[in-house]
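Be aware that the sequence shown starts at 1, since it is given in the UniProt record's numbering, and climbs by one per residue.
C-beta atoms are modelled at their ideal positions from N, C-alpha and C, and glycine is treated no differently.
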Amino acid sequence: MKYMLINRFKFPESSILMLTEEETDPYRIPTKHNIRMAMFWLVQGCQAGDSLVFHYSGHGSQQRNYTGDEVDGFDETLCPLDFETQGMIVDNEINATLVRPLPPGVKLHAIIDACHSGTVLDLPFLCRMDSEMFTSSGASDAAQYAQLEKLYIRM
Numbered sequence: 001m002k003y004m005l006i007n008r009f010k011f012p013e014s015s016i017l018m019l020t021e022e023e024t025d026p027y028r029i030p031t032k033h034n035i036r037m038a039m040f041w042l043v044q045g046c047q048a049g050d051s052l053v054f055h056y057s058g059h060g061s062q063q064r065n066y067t068g069d070e071v072d073g074f075d076e077t078l079c080p081l082d083f084e085t086q087g088m089i090v091d092n093e094i095n096a097t098l099v100r101p102l103p104p105g106v107k108l109h110a111i112i113d114a115c116h117s118g119t120v121l122d123l124p125f126l127c128r129m130d131s132e133m134f135t136s137s138g139a140s141d142a143a144q145y146a147q148l149e150k151l152y153i154r155m
């Protein structure tokens, strides 16, 4: 992702903050606190015309919602490295940190590779497209390509 942002989309490397488990710097490890701080950092000072990218690859989950603001009764969550001791990051917080503070004219591109990530931004609308979903995890290469070919033909 970092390579693509720098080389394909010309993001300056200084504008990219990446948290990984392999980091030796304790502030660059994907703990709950560090992910929260990174989300605040991302939106800080943004203005019309800015394009922001939030990418998360990791575990996602759900927890019971007690406030009644979820149709299905569950909040979607991101599971940071220390979620067993510090807790998960709930969709309401993600929305309050990444979505609501954005001024008009700012684009947020959120790429979430996690279970239960469909509504993790807690947006007030749901996009439904007339197409098929597919998964290629664990499938043979031939099966993956067959699904991709089918998808490209239909689009």
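Could you give the distance in angstroms between the alpha-carbon of residue i and the alpha-carbon of residue j?
i	j	result
residue 192	residue 97	Since the first residue of the chain shown is 1 and the last is 155, residue 192 is not available in this structure.
residue 100	residue 71	20 angstroms
residue 57	residue 46	24 angstroms
residue 15	residue 4	13 angstroms
residue 23	residue 91	26 angstroms
residue 28	residue 88	18 angstroms
residue 147	residue 21	Residue confidence for residue 147 is low, a pLDDT of 46 falling below 50, so the modelled location carries little weight; the figure read from the coordinates is stated next. For residue 147 and residue 21, the distance between alpha carbons rounds to 32 angstroms.
residue 6	residue 80	25 angstroms
residue 43	residue 52	8 angstroms
Which residue or residues does DSSP assign as beta-bridge partners of residue i?
i	result
residue 70	Beta-bridge pairing links residue 70 to no other residue.
residue 90	77
So what does DSSP say about residue i, is it helix, strand or coil?
i	result
residue 32	helix
residue 47	coil
residue 106	coil
residue 42	helix
residue 99	helix
Residue i: which of the options sits nearest, CA to CA?
i	options	result
residue 113	44, 32, 55	55
residue 39	19, 82, 49	19
residue 93	84, 33, 103, 106	33
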